[in-house]
Amino acid sequence: MALVHIDGNDLVVVIEGLDKLWAFKSSLTIPLANVRGATADPGIAADPKGIRAPGAHLPGVITAGTFHLDGEKIFWDVKDESKAVVIELADERYARLVLQVDDPRETVALVENALR
Amino acid sequence: MGRKRAFDEDEVVRAAVGLFGGRAYDGVSVDDLVTHLGVHRNSLYKTFGSKRGLYLIALRRHLADDVRPLTEALATAPDAATALRLITSADLGLLLLAAVERAPADEEVAAEVATALAAVDQAIADALGMSTALAAALTAAALGIVLRGNPDGVGSALTQRLDSLH
């Protein structure tokens with residue numbers, strides 16, 4: 001699970017619980033200028049995720065860490081795919097973040113409103 | 001980065017107009033977009049940023065491709081009956097859904113919808129020599145008639161009364 005909030009001009013993602021061990025990250029801070037948008041996307045977990053390094057991937061249990069797909073780096077922290085939100089970035093180490101959040105609709109509104 | 005896109009962005013946006021104009025915003029999943037637009041998920045995110053990003057581009061495309069020609073046709077309408085017929089026969093699916101569903105929740109959508117409808121009102125006002133307020137009332141009635149499935153006799157009842165005013 002990830003907690004997403006806005007702090008000034010930054011998007012802050014806090015990785016909760018044991019997930020931070022598998023993800024090798026406890027938090028990410030991204031300037032809002034480099035955030036392109038957020039989308040609730042429960043279907044993304046069924047897509048090919050690419051090659052993991054480093055992180056954990058137990059299909060059906062947890063997808064966490066850095067994945068490489070089509071020349072892009074994608075950060076994953078998802079156990080319950082029905083609550084997956086995709087945050088698209090620009091000019092960052094990661095091309096996008098795929099995060100499990102408590103309330104996808106609320107997180108999407110939070111991020112999209114911060115970009116207007 | 002810098003790689004050639006493997007799809008025609010123009011076609012994808014046009015297909016998105018059809019998809020978003022046919023059902024509620026929340027009823028269109030990213031899976032639906034991937035399936036119906038024929039674009040990989042990664043490319044979709046890379047190109048449009050988010051579902052809302054694609055939605056806004058599709059809405060603007062609909063306004064340019066479908067609503068602007070209507071506005072231009074309305075500017076030369078000789079009477080209220082013609083104006084009403086032009087509106088009720090136009091493809092306004094996404095505009096209507098946006099006005100009802102997304103505009104109350106999204107300021108950017110609300111602004112696009114308001115600007116497009118104001119242009120329609122102005123075209124009618126100029127063509128028929130009426131106040132913009134009365135033209136807006138005609139537009140509102142016409143869109144209402146569209147929503148009610150254009151029942152027989154309703155449009156003509158309204159325009160007979162309007163055309164007898166001048």
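Chains as they are written, first to last, in this note's numbering: chain C, 1 to 116; chain A, 1 to 166. All C-beta atoms in this analysis are idealised placements derived from N, C-alpha and C, irrespective of residue type, glycine included. All of these numbers come straight from a predicted model, not from anything done at the bench.
Where residue i falls, given that 16 or more other Cβ within 10 Å makes a residue buried
i       : result
T5(C)   : Just to set this straight, residue 5(C) is His in the shown sequence, not Thr. Looking at its Cβ environment, which holds fewer than 16 other Cβ atoms inside 10 Å, H5(C) is exposed.
P69(A)  : exposed
M1(A)   : A caution first: M1(A) carries a pLDDT of 44, below 50, which makes its placement in the model unreliable, though a value can still be read off. It counts as exposed.
D106(A) : buried
A111(A) : exposed
A114(A) : exposed
S50(A)  : buried
G8(C)   : exposed
V13(A)  : buried
E9(A)   : exposed
V78(C)  : buried
L56(A)  : buried
S164(A) : exposed
A157(A) : exposed
I87(A)  : buried
G65(C)  : buried
I44(C)  : buried
R102(A) : buried
A46(C)  : exposed
Of the listed residues the options, nearest to residue i (C-alpha basis)
i       : options                           : result
R36(C)  : G38(A), D26(A), F48(A) and L37(A) : F48(A)
D126(A) : L63(A), A83(A) and Y45(A)         : A83(A)
T107(C) : E81(C), I87(C) and A95(C)         : I87(C)
R105(C) : L89(C), A53(C), K83(C) and A56(C) : K83(C)
A15(A)  : R41(A), L54(A) and S43(A)         : L54(A)
D121(A) : H62(A), L147(A) and A80(A)        : A80(A)
D32(A)  : T29(C), A40(C), K25(C) and P54(C) : A40(C)
Contact set between residue i and chain C, taken where Cβ atoms lie within less than 7 Å
i       : result
D31(A)  : G43
E101(A) : In chain order: nothing, as chain C lies at least about 15 Å away.
R41(A)  : I44 and D47
E108(A) : R116
R85(A)  : None at all; the shortest Cβ gap to chain C is about 38 Å.
Under 7 Å by beta carbon: chain A residues contacting residue i
i      : result
V86(C) : Y45
D77(C) : Going along chain A, no residue has its Cβ under 7 Å from D77(C), so there is no contact; the nearest lies around 17 Å.
G37(C) : G49, S50, R52 and G53
D70(C) : N42
Residue i: contacting residues in chain C (beta-carbon distance under 8 Å)
i      : result
R61(A) : Neighbours of R61(A) on chain C: none; closest Cβ ~18 Å, over 8 Å.
G21(A) : None at all; the shortest Cβ gap to chain C is about 19 Å.
Residue i: CB within 6 Å of a non-hydrogen atom of the ligand NAP
i      : result
A75(A) : Absent from the structure shown: the ligand NAP. Ligands present: none.
Listed by chain order, chain A residues near residue i by CB distance under 9 Å
i      : result
D10(C) : Correct list: empty, because the minimum Cβ distance to chain A is about 18 Å.
R96(C) : N42, Y45 and K46
Counterpart residues of residue i in DSSP-defined beta bridges
i       : result
K73(C)  : H68(C)
T115(A) : Per DSSP, none; premise fails for T115(A).
P31(C)  : D10(C)
T63(C)  : H57(C) and V78(C)
E108(A) : According to DSSP, which records beta bridges pairwise, E108(A) is partnered with nothing at all.
Contacts that residue i makes with chain A (C-beta to C-beta distance below 8 Å)
i      : result
E92(C) : Neighbours of E92(C) on chain A: none; closest Cβ ~12 Å, over 8 Å.
Query raised in the report: Do the stretch 15 to 32 of chain A and the stretch 10 to 18 of chain C touch if we need at least three Cβ pairs shorter than 8 Å?
Result: no
Report task. Report yes or no: do three or more beta-carbon pairs, one from the stretch 126 to 138 of chain A and one from the stretch 93 to 102 of chain A, lie closer than 8 Å? Result -> no
Query raised in the report: Counting pairs of Cβ atoms below 8 Å between the stretch 56 to 75 of chain C and the stretch 95 to 112 of chain C, do you hit three or more?
Result: yes
**Report entry** Stretch-stretch touch, CB-based, cutoff 8 Å, three pairs: the stretch 54 to 68 of chain C with the stretch 60 to 76 of chain A
**Finding:** no
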